[in-house]
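Asks: Sharing a structure, written as C-alpha coordinates. Questions coming.
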Amino acid sequence: ITALARYEGIRFVLISPEELVLPEHVRTDVLVKNNLPFVETTRLDTSLPELDILYMTRVQRERFFNEADYVRLKDSYILTPEKLANAKKDLSILHPLPRVNEISVEVDADPRAAYFRQVMNGKLIRMALLLTLLGRKPV
54 ITALARYEGI
64 RFVLISPEEL
74 VLPEHVRTDV
84 LVKNNLPFVE
94 TTRLDTSLPE
104 LDILYMTRVQ
114 RERFFNEADY
124 VRLKDSYILT
134 PEKLANAKKD
144 LSILHPLPRV
154 NEISVEVDAD
164 PRAAYFRQVM
174 NGKLIRMALL
184 LTLLGRKPV
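So for the sequence shown, the working numbering puts the first residue at 54; every next one is plus one.
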(Lines of atoms letter the chains of each structure in order from A and count residues from 1; the text may use other names and numbers.)
(Lines give C-alpha, C1' and ligand atoms only; values in the text may rest on other atoms or scores of the structure.)
Protein backbone atom coordinates (compact mmCIF):
# COMPACT_ATOMS: atom_id res chain seq x y z
CA ILE A 1 0.00 0.00 0.00
CA THR A 2 2.83 2.37 0.84
CA ALA A 3 4.48 1.86 -2.56
CA LEU A 4 1.20 2.35 -4.43
CA ALA A 5 0.51 5.56 -2.51
CA ARG A 6 2.95 7.32 -4.85
CA TYR A 7 0.56 7.06 -7.78
CA GLU A 8 -2.54 9.07 -8.59
CA GLY A 9 -5.92 7.64 -9.45
CA ILE A 10 -5.70 4.62 -7.16
CA ARG A 11 -8.64 3.50 -5.06
CA PHE A 12 -8.18 0.68 -2.58
CA VAL A 13 -10.79 -1.95 -1.79
CA LEU A 14 -9.53 -3.72 1.32
CA ILE A 15 -11.15 -7.14 1.65
CA SER A 16 -10.65 -9.13 4.82
CA PRO A 17 -12.46 -10.70 7.74
CA GLU A 18 -13.16 -8.24 10.54
CA GLU A 19 -10.54 -10.05 12.62
CA LEU A 20 -7.83 -9.14 10.09
CA VAL A 21 -8.58 -5.55 9.12
CA LEU A 22 -5.80 -3.26 7.97
CA PRO A 23 -3.75 -2.01 10.93
CA GLU A 24 -4.78 1.45 12.06
CA HIS A 25 -1.28 2.87 11.55
CA VAL A 26 -1.34 1.93 7.85
CA ARG A 27 -4.81 3.38 7.46
CA THR A 28 -3.85 6.73 9.04
CA ASP A 29 -0.16 7.04 8.10
CA VAL A 30 -0.57 5.97 4.48
CA LEU A 31 -4.14 6.07 3.20
CA VAL A 32 -5.56 9.03 5.13
CA LYS A 33 -2.30 11.01 5.14
CA ASN A 34 -2.01 10.70 1.35
CA ASN A 35 -5.73 11.35 0.82
CA LEU A 36 -6.16 7.99 -0.92
CA PRO A 37 -9.72 6.77 -1.33
CA PHE A 38 -10.44 3.37 0.20
CA VAL A 39 -13.27 1.18 1.35
CA GLU A 40 -13.13 -1.79 3.68
CA THR A 41 -15.33 -4.82 3.20
CA THR A 42 -15.58 -8.42 4.27
CA ARG A 43 -17.06 -9.60 0.95
CA LEU A 44 -14.79 -10.84 -1.84
CA ASP A 45 -17.64 -11.97 -4.10
CA THR A 46 -19.49 -8.64 -4.15
CA SER A 47 -16.27 -6.63 -4.54
CA LEU A 48 -14.88 -8.52 -7.53
CA PRO A 49 -16.94 -6.75 -10.24
CA GLU A 50 -15.36 -3.36 -9.43
CA LEU A 51 -11.71 -4.45 -9.19
CA ASP A 52 -9.00 -3.87 -11.80
CA ILE A 53 -6.36 -5.73 -9.79
CA LEU A 54 -6.88 -8.35 -7.11
CA TYR A 55 -3.86 -8.95 -4.89
CA MET A 56 -4.59 -12.01 -2.78
CA THR A 57 -2.88 -13.60 0.15
CA ARG A 58 -3.92 -16.53 2.28
CA VAL A 59 -5.97 -16.21 5.44
CA GLN A 60 -3.07 -16.56 7.86
CA ARG A 61 -3.64 -18.86 10.81
CA GLU A 62 -0.89 -17.16 12.84
CA ARG A 63 -2.78 -13.84 12.81
CA PHE A 64 -5.78 -15.21 14.69
CA PHE A 65 -6.04 -15.17 18.45
CA ASN A 66 -8.03 -18.40 18.54
CA GLU A 67 -8.30 -21.47 16.35
CA ALA A 68 -12.11 -21.33 16.17
CA ASP A 69 -12.07 -18.00 14.29
CA TYR A 70 -9.48 -19.30 11.85
CA VAL A 71 -11.46 -22.47 11.13
CA ARG A 72 -14.66 -20.44 10.69
CA LEU A 73 -13.10 -18.01 8.19
CA LYS A 74 -10.32 -19.86 6.37
CA ASP A 75 -12.48 -20.98 3.44
CA SER A 76 -14.47 -17.75 3.09
CA TYR A 77 -11.94 -16.08 0.82
CA ILE A 78 -11.25 -18.77 -1.77
CA LEU A 79 -11.16 -17.48 -5.34
CA THR A 80 -13.03 -19.81 -7.70
CA PRO A 81 -14.07 -19.68 -11.36
CA GLU A 82 -17.63 -19.14 -10.15
CA LYS A 83 -16.65 -16.01 -8.24
CA LEU A 84 -14.61 -14.78 -11.21
CA ALA A 85 -17.64 -15.01 -13.49
CA ASN A 86 -18.69 -11.54 -12.30
CA ALA A 87 -15.21 -9.99 -12.45
CA LYS A 88 -13.92 -7.70 -15.17
CA LYS A 89 -12.49 -9.43 -18.24
CA ASP A 90 -9.23 -7.48 -17.86
CA LEU A 91 -8.80 -8.09 -14.13
CA SER A 92 -5.27 -9.09 -13.07
CA ILE A 93 -5.01 -11.58 -10.22
CA LEU A 94 -1.77 -11.35 -8.25
CA HIS A 95 -0.50 -13.47 -5.37
CA PRO A 96 2.94 -13.67 -3.71
CA LEU A 97 2.87 -17.51 -3.73
CA PRO A 98 3.09 -20.15 -2.49
CA ARG A 99 -0.61 -20.55 -2.03
CA VAL A 100 -2.50 -22.88 0.26
CA ASN A 101 -6.08 -23.11 -0.98
CA GLU A 102 -7.08 -19.46 -1.39
CA ILE A 103 -7.05 -19.70 -5.19
CA SER A 104 -8.56 -22.84 -6.65
CA VAL A 105 -6.31 -24.58 -9.18
CA GLU A 106 -9.03 -24.15 -11.83
CA VAL A 107 -8.30 -20.41 -11.78
CA ASP A 108 -4.74 -21.06 -13.01
CA ALA A 109 -6.03 -21.51 -16.58
CA ASP A 110 -7.86 -18.17 -16.52
CA PRO A 111 -5.96 -15.52 -18.53
CA ARG A 112 -6.53 -13.07 -15.67
CA ALA A 113 -4.35 -15.21 -13.38
CA ALA A 114 -1.10 -13.26 -13.46
CA TYR A 115 0.62 -14.79 -10.43
CA PHE A 116 2.87 -17.20 -12.34
CA ARG A 117 4.02 -14.36 -14.63
CA GLN A 118 4.47 -12.27 -11.48
CA VAL A 119 6.77 -14.93 -10.02
CA MET A 120 8.80 -15.20 -13.23
CA ASN A 121 9.23 -11.42 -13.37
CA GLY A 122 10.41 -11.45 -9.75
CA LYS A 123 12.96 -14.14 -10.57
CA LEU A 124 14.31 -12.14 -13.52
CA ILE A 125 14.53 -8.96 -11.43
CA ARG A 126 16.46 -10.80 -8.71
CA MET A 127 18.85 -12.20 -11.32
CA ALA A 128 19.46 -8.70 -12.73
CA LEU A 129 20.01 -7.28 -9.25
CA LEU A 130 22.54 -10.00 -8.43
CA LEU A 131 24.42 -9.35 -11.68
CA THR A 132 24.47 -5.64 -10.90
CA LEU A 133 25.72 -6.22 -7.35
CA LEU A 134 28.45 -8.49 -8.68
CA GLY A 135 29.48 -5.89 -11.25
CA ARG A 136 28.54 -8.10 -14.19
CA LYS A 137 26.65 -7.04 -17.28
CA PRO A 138 23.50 -8.90 -18.31
CA VAL A 139 24.03 -11.39 -21.11
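Glycine included, each C-beta is placed from N, C-alpha and C at the ideal position.
Tell me whether the beta-carbon of Leu-147 lies closer than 8 Å to the beta-carbon of Leu-107.
Replies: Cβ atoms of Leu-147 and Leu-107: closer than 8 Å.
Asks: Start and end of the beta strand (DSSP E) containing Phe-65?
Replies: Segment 65-68, the beta strand (DSSP E) holding Phe-65.
Asks: Given that a residue counts as buried once 16 or more other Cβ atoms are within 10 Å of its Cβ, and exposed if not, what is Leu-132?
Replies: Classification of Leu-132: buried, given that the 10 Å Cβ count is 16 or more.
Asks: Could you check if Ala-138 is buried or exposed, using at least 16 other CB atoms within 10 Å of its CB as the buried criterion?
Replies: Ala-138 comes out exposed.
Asks: Report the residue ranges of all beta strand (DSSP E) runs contained in full by the region 88-116; include only those spanning at least 3 residues, in chain order.
Replies: With a minimum length of 3 residues, the continuous beta strand (DSSP E) runs that stay inside the region 88-116 are 91-94, 106-108.
Asks: Compare the beta carbon distance of Glu-83 and Thr-55 with 8 Å and say whether it is the shorter of the two.
Replies: According to the sequence provided, residue 83 is Val. The question's Glu does not apply to it. Their beta carbons are under 8 Å apart, which means Val-83 touches Thr-55 by this criterion.
Asks: Which residues does DSSP pair with Leu-207 in a beta bridge?
Replies: Residue 207 is absent from the structure shown; the chain starts at 54 and stops at 192.
Asks: Where does the unbroken alpha helix (DSSP H) through Val-172 begin, and where does it stop?
Replies: First-last of the alpha helix (DSSP H) with Val-172: 168-186.
Asks: Quick one: residues in its chain with C-beta nearer than 8 Å to the C-beta of Phe-144, no 5 flanking neighbours on either side, listed in chain order?
Replies: The residue asked about is misnamed: residue 144 is Leu in this sequence, not Phe. So the qualifying residues of the chain are Leu-101, Leu-104, Asp-105, Ile-106, Leu-107, Leu-137, Arg-165.
Asks: Nearest by alpha-carbon distance to Asn-154: which of Ala-167, Met-180, Leu-126 is it?
Replies: For the residues Ala-167, Met-180, Leu-126, the minimum Cα distance to Asn-154 belongs to Leu-126.
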